[in-house]
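Residue numbers (the working numbering), protein chains in the order written: chain A, 18 to 220; chain V, 18 to 220. Quick reminder that beta carbons are idealized off the backbone N, C-alpha and C, glycines included. Keep in mind that this is a model prediction, so the values were computed, not measured.
Protein chains: 2
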Amino acid sequence: RVPIPTLTRLATYYKILGEAQVRGVHNLNSAQIEAECGISAAQFRKDLSHFGEMGKPGVGYEVAKLRARIATILHLDRTQRFALIGAGRLGQALAAYPGLNDYSFELTALFDTDKKKIGRRVNGIEIEDADGIPNRMRELNLKIAVLTVPGSEAQKASDAAIKGGARWILNFTPAHVRVPENCMVRDIVFTQEFAVLAHYIEE
Amino acid sequence: RVPIPTLTRLATYYKILGEAQVRGVHNLNSAQIEAECGISAAQFRKDLSHFGEMGKPGVGYEVAKLRARIATILHLDRTQRFALIGAGRLGQALAAYPGLNDYSFELTALFDTDKKKIGRRVNGIEIEDADGIPNRMRELNLKIAVLTVPGSEAQKASDAAIKGGARWILNFTPAHVRVPENCMVRDIVFTQEFAVLAHYIEE
Ligand SMILES: NC(=O)c1ccc[n+]([C@@H]2O[C@H](COP(=O)([O-])OP(=O)(O)OC[C@H]3O[C@@H](n4cnc5c(N)ncnc54)[C@H](O)[C@@H]3O)[C@@H](O)[C@H]2O)c1
Ligand SMILES: NC(=O)c1ccc[n+]([C@@H]2O[C@H](COP(=O)([O-])OP(=O)(O)OC[C@H]3O[C@@H](n4cnc5c(N)ncnc54)[C@H](O)[C@@H]3O)[C@@H](O)[C@H]2O)c1
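Written out as structure tokens, the structure reads:
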């Protein structure tokens, strides 16, 4: 298995290469990668050589080829279907976000406990009753659940998803969620970016 | 200046130390840090020794002391006031998110173009007309703007904020935003977490 920090860096390179493609750039060298994301040129070269990818001296790396290679390493070439639990503000913003397609994640089911929301559609997907999470996730064979419920409901929502066969939990709530040994939970905190910014402001 | 990858790691350590405090843990060693976030024990020790922080052999690092020290390095000990532009689903979810206080970021002004939203309150803050961004940000002396508008509006919102004296832009939109030399923009993408997850699922 590739260690998590390496995967996070690869995901960053994938994003930068995608942006370069949009701008019509065909080659990038490690110094340009460093300028874009702050990961050192040496670290970038080391990460890629680990996967047998070498740049051409004086030219750098071919953007399209490298992006496709990273997509394969990250298994982004396969569609990952997932359930979103909590169709509130953040849940709906995530359901409608075009960036999910870049990472081949496909929203398949949406759940909520709020009777006023059940039956409505977001991005073409109907909001279902959270009571049905275990049965519906098993029926749809969904292995991934994204939690966008209030912190106080996070453990309950995670337990229901795991009962339905989920093995991977992406937790957006501030609560600490415990999962069985054979499952994995990733906390998503975008406030860390604020910390990076806070440092820069004072310098 | 501390390089961005180091800052991102420090922000991760800060989060983990905060979670340890909540659990009543007083000491943590580098191996436990690695187990929590995947950053290698060696990298953790290297980062901290760079700031003169050494663990005690056999005991590790004192959680409360280390967290306070990292808060100082990251300048989290000072309140950073900011404006949020785009009071839609993501903007409102962010405005209401308790995690912002952990990083001493204080929402000071909220802007939108939608006449139906202007005048309403989120988390006690009134949504103001986006036409007033340059004047109001200057009046409030706000240097940070967070963009949660549609991608097509991102550049316009950023330009208005910079006209009002902003120098730091946190961009949640999928659009690429250009800022003048003396400003900084950070793109926030939490879909990168999906990439890390995608890799694990297939292994
Ligand atoms: N990771 C971050 O940096 C970040 C940023 C913003 C918000 N958040 C978090 O995201 C979560 C959602 O925030 P929001 O602003 O969208 O809140 P919200 O109140 O708008 O939405 C929560 C939704 O969850 C539903 N719900 C409650 N209990 C449920 C259950 N057991 N099963 C299914 N649905 C349930 C509610 O009916 C509601 O629709 C919160 O935990 C918030 O703290 C995280
Ligand atoms: N970074 C990520 O991973 C991520 C995840 C989800 C959504 N997003 C992005 O966040 C943004 C907001 O998403 P959302 O679901 O909240 O959309 P939304 O449509 O619910 O909200 C957008 C808001 O911006 C307002 N607006 C439009 N033009 C404006 C302008 N010039 N000035 C001020 N306000 C303006 C609209 O009136 C609306 O209230 C989108 O760009 C979306 O792609 C990013």
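Check your understanding: Do E36(A) and ligand 1 come close, with the Cβ less than 8 Å from some heavy atom?
Key -> Here the question's residue 36(A) lines up with position 19 in the first sequence. Incorrect: E36(A) has no Cβ contact closer than 8 Å to ligand 1.
| said: Going by beta-carbon coordinates alone, are V19(A) and L45(A) separated by less than 9 Å? | reply: To locate residue 19(A), count along the first sequence from 1; it is residue 2. To locate residue 45(A), count along the first sequence from 1; it is residue 28. Contact flag unset, no.
Practice task
Compare the C-beta of L91(A) with all C-beta atoms of chain V and state if any pair is closer than 9 Å.
Solution key: If you number the first sequence from 1, residue 91(A) lands on position 74. Yes, contact with chain V.
*asked:* Excluding the 5 residues flanking R203(A) on each side, which residues of the same chain have their C-beta closer than 6 Å to its C-beta?
replied: The residue given as residue 203(A) occupies position 186 in the first sequence. Cβ-Cβ distances below 6 Å link R203(A) to L187 in the same chain, with the five nearest sequence neighbours on each side left out; the list follows chain order.
Using a Cβ-Cβ distance cut-off of 9 Å, determine whether T130(V) contacts chain A.
In the second sequence, counting from the first residue as 1, residue 130(V) sits at position 113. No - not a single Cβ of chain A is within 9 Å of the one on T130(V).
Can you tell me where the beta strand (DSSP E) with D146(A) in it begins and where it stops? Here residue 146(A) refers to the residue found at position 129 of the first sequence. 142–146 is the extent of the beta strand (DSSP E) around D146(A).
Inset, instruction - Check whether the Cβ of H43(V) lies closer than 9 Å to any Cβ atom in chain A. - result: Residue numbering aside, residue 43(V) sits at position 26 when the second sequence is read from its first letter. H43(V) has a beta carbon lying at 9 Å or more from every beta carbon in chain A.
- Task: Report yes if the C-beta distance between R2(A) and F189(A) is below 9 Å; otherwise report no.
- Result: Here chain A has residues from 18 to 220 only, and residue 2(A) is not among them.
* Residues that K132(A) bridges to, as DSSP identifies them -> In the first sequence, residue 132(A) corresponds to position 115, counting from 1. Paired residues: none, contrary to the question.
Ligand 1 heavy atoms versus the CB of F128(A): any closer than 8 Å? Taking the first residue of the first sequence as 1, we reach residue 128(A) at position 111. Answer for F128(A): yes, Cβ within range of ligand 1.
Practice item. Could you check the C-alpha separation between E210(V) and I150(V) for me, to the nearest Å? Key: Taking the second sequence and counting its residues from 1, one reaches residue 210(V) at position 193. Taking the second sequence and counting its residues from 1, one reaches residue 150(V) at position 133. Roughly 32 Å separates the two Cα atoms.
Pull out every residue of the region 185–209 of chain A whose Cβ sits closer than 7 Å to any Cβ of chain V, in chain order.
-> W185, L187, P191, H193, M201, R203, I205, V206, F207, T208, Q209
* Asked: With 16 as the cutoff for other CB atoms within 10 Å, does D94(A) come out buried or exposed?
  -> As a working mapping, residue 94(A) is identified with position 77 in the first sequence. The residue is exposed, with fewer than 16 neighbouring Cβ atoms inside 10 Å.
Just list the alpha helix (DSSP H) runs in the region 56–129 of chain V, keeping only unbroken ones of 4 residues or longer that don't cross its boundaries, in chain order. For secondary structure counted as the alpha helix (DSSP H) over 4 or more consecutive residues, the region 56–129 of chain V holds these complete runs in sequence order: 58–67, 80–90, 106–112, 116–119.
For S175(A) and L65(V), what's the separation of their Cα atoms in angstroms? In the first sequence, residue 175(A) corresponds to position 158, counting from 1. In the second sequence, residue 65(V) corresponds to position 48, counting from 1. Going by the C-alpha atoms only, they are around 35 Å apart.
For I186(A), three-class secondary structure by DSSP:
For the purposes of this step, residue 186(A) is taken as the residue at position 169 of the first sequence. Of the three classes helix, strand and coil, the one that applies to I186(A) here is strand, per DSSP.
> Which of the three DSSP states, helix, strand or coil, is assigned to N199(A)?
Replying inline: Position 182 of the first sequence, counting from 1, holds the residue named residue 199(A). Residue state, collapsed to three classes: coil.
To which residues does DSSP link N44(A) through a beta bridge? Looking up residue 44(A) in the first sequence gives position 27. N44(A) is bridged to E79(A).
*asked:* So with CB distances below 8 Å, who are the chain A contacts of V19(V)?
replied: As a working mapping, residue 19(V) is identified with position 2 in the second sequence. The contacting residues are H216.
- [ ] Confirm, please, whether the CB-CB distance from A162(A) to V139(A) is below 9 Å.
- [x] Working through the first sequence from its first residue, we reach residue 139(A) at position 122. Working through the first sequence from its first residue, we reach residue 162(A) at position 145. No.
Minimum Cβ-Cβ distance from A147(V) to chain A less than 9 Å = Within the second sequence, numbered from 1, the residue matching residue 147(V) stands at position 130. No, no contact with chain A.
Item to complete: With DSSP as the reference, please indicate the residues paired to V139(V) in a beta bridge.
Response: Here residue 139(V) refers to the residue found at position 122 when the second sequence is read from its first residue. Under DSSP, V139(V) takes part in a beta bridge, and its partners are I142(V).
*By DSSP, does I161(A) sit in helix, in strand, or in coil?*
Translated into the one-based positions of the first sequence, residue 161(A) becomes position 144. Reduced to three states, the DSSP call for I161(A) is strand.
Check your understanding: Given that a residue counts as buried once 16 or more other Cβ atoms are within 10 Å of its Cβ, and exposed if not, what is H67(A)?
Key -> If you number the first sequence from 1, residue 67(A) lands on position 50. Answer is exposed; the Cβ neighbour count stays below 16.
Would you list the one or two residues that DSSP bridges to D204(A)? Reading the first sequence from its first residue, position 187 is the one you call residue 204(A). Looking at the DSSP assignment, D204(A) forms a beta bridge with N188(A).
For a contact meaning CB atoms closer than 8 Å, what does P167(A) contact in chain V?
What you label residue 167(A) is simply residue 150 of the first sequence in a count that begins at 1. Going along chain V, no residue has its Cβ under 8 Å from P167(A), so there is no contact; the nearest lies around 10 Å.
So A110(V) and R106(A) are in contact, right, with Cβ under 8 Å, and what is the actual spacing, rounded?
The residue given as residue 110(V) occupies position 93 in the second sequence. The residue given as residue 106(A) occupies position 89 in the first sequence. Rounded to whole angstroms, the Cβ separation of A110(V) and R106(A) is 4 Å, and the two are in contact under 8 Å.
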